[in-house]
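Have a look at the structure below, then the notes.
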Ligand code: FPP
Ligand code: MG
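Residue numbers (my numbering): 248 to 545.
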């Protein structure tokens, strides 16, 4: 099923008739294609849904190319990032190309879908900006964090689900609610894995987010549990390289206060909310995507 999406992306890129761009794209890891799956599972497999899935995946890939430049990330999904191999300039321009052809194709999909996806791109760009801005200080506000990850990650999933339902003549708002809640849970889990996974399994160094200045939900909840001097200690470690003892101090306190468990329960609530939104649709594949997200150990 996803093969057709890969073929479509390949066809769109081939139509650019540019050897170097094609070459660069072969170095881009394909990822889970979660957004494409949502679209195909909602709208079924047909020419329009495959096109929409390809567009959304190209836009998503563009956003990650830019994100790796912004985050100075040398790895993406366990392999060297495009910015690491070809430098920031090439990564940015490749992102611009993918993003622009995505939009070129999007306008032919009708105003409702074009508006939904383009609005999501505005939101995800604002979310990324908020993420960078928030990273400058130790953010202790969970509401601000949730709003940022909604914009940065869930907005495109929400729009993908809304647009696919629109294509299929299904209830767009129910599917949008599913996409939104799933997306927020997805980013929360990604942020938890940055703490619980080691470098090998995640393809990036553990606690990398905190070193980058990103005070994700586990750090916010940990901060709430600590006494005044410990709060100061944690805040003093924000946004800088950590030695082994400091890393261990953070991880052991996260264990001591069951922080991952607390975050997990919150992600689970969101997944249940996603499932409830499409309960009457009886879509087993979408149900499974949501359940599998939380059916894992941390
Ligand atoms: C990953 O966050 C980043 C995003 C999901 C969104 C990035 C958005 C932009 C750079 C805006 C520009 C958009 C376009 C379409 C060109 P993360 O750094 O928390 O996750 P990671 O661990 O996967 O890097
Ligand atoms: Mg990043």
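Note that beta-carbon positions come from the ideal geometry of N, C-alpha and C, so glycine has one too.
Assigned exposure category for residue i - 16 Cβ within 10 Å defines buried
i, result
"residue 487", "exposed"
"residue 192", "Nothing about residue 192 can be read from this structure; the chain reaches only from 248 to 545."
"residue 543", "exposed"
"residue 272", "buried"
"residue 485", "buried"
"residue 375", "buried"
"residue 399", "buried"
"residue 314", "buried"
"residue 475", "exposed"
"residue 264", "exposed"
"residue 408", "buried"
"residue 512", "exposed"
"residue 319", "exposed"
"residue 483", "exposed"
"residue 388", "exposed"
Reduced DSSP category for residue i - H, G, I as helix; E, B as strand; rest coil
i, result
"residue 323", "strand"
"residue 473", "coil"
"residue 454", "coil"
"residue 543", "coil"
"residue 376", "helix"
"residue 314", "helix"
"residue 419", "helix"
"residue 309", "helix"
"residue 273", "helix"
"residue 409", "helix"
"residue 525", "coil"
8 Å Cβ cutoff met for residue i and residue j
i, j, result
"residue 297", "residue 251", "yes"
"residue 370", "residue 402", "yes"
"residue 276", "residue 326", "yes"
"residue 301", "residue 363", "no"
"residue 231", "residue 461", "Past the boundaries of the shown model lies residue 231; the chain is included only from 248 to 545, so the question cannot be answered."
"residue 502", "residue 468", "no"
"residue 507", "residue 457", "no"
"residue 342", "residue 309", "yes"
"residue 493", "residue 414", "no"
Supposed close pair residue i, residue j - CB separation, criterion 8 Å
i, j, result
"residue 290", "residue 429", "About 16 Å separates the two Cβ atoms, so there is no contact after all."
"residue 282", "residue 253", "Going by Cβ atoms, the distance from residue 282 to residue 253 rounds to 14 Å, so no, they are not a contact pair."
"residue 316", "residue 335", "5 Å"
"residue 431", "residue 396", "6 Å"
"residue 568", "residue 348", "Residue coverage of the chain in this structure runs from 248 to 545, which leaves residue 568 outside it and unanswerable."
"residue 470", "residue 480", "10 Å between Cβ atoms; not a contact."
"residue 441", "residue 453", "7 Å"
Rounded separation between residue i and residue j - CA only
i, j, result
"residue 345", "residue 455", "27 Å"
"residue 367", "residue 406", "6 Å"
"residue 285", "residue 533", "7 Å"
"residue 419", "residue 299", "15 Å"
"residue 465", "residue 355", "42 Å"
"residue 333", "residue 268", "12 Å"
"residue 500", "residue 394", "26 Å"
"residue 530", "residue 541", "18 Å"
"residue 351", "residue 422", "25 Å"
"residue 360", "residue 459", "35 Å"
"residue 539", "residue 523", "16 Å"
"residue 261", "residue 323", "24 Å"
"residue 248", "residue 331", "31 Å"
"residue 528", "residue 426", "14 Å"
"residue 496", "residue 535", "36 Å"
"residue 372", "residue 306", "11 Å"
"residue 463", "residue 490", "20 Å"
"residue 417", "residue 498", "45 Å"
"residue 259", "residue 270", "14 Å"
"residue 404", "residue 444", "24 Å"
"residue 340", "residue 311", "12 Å"
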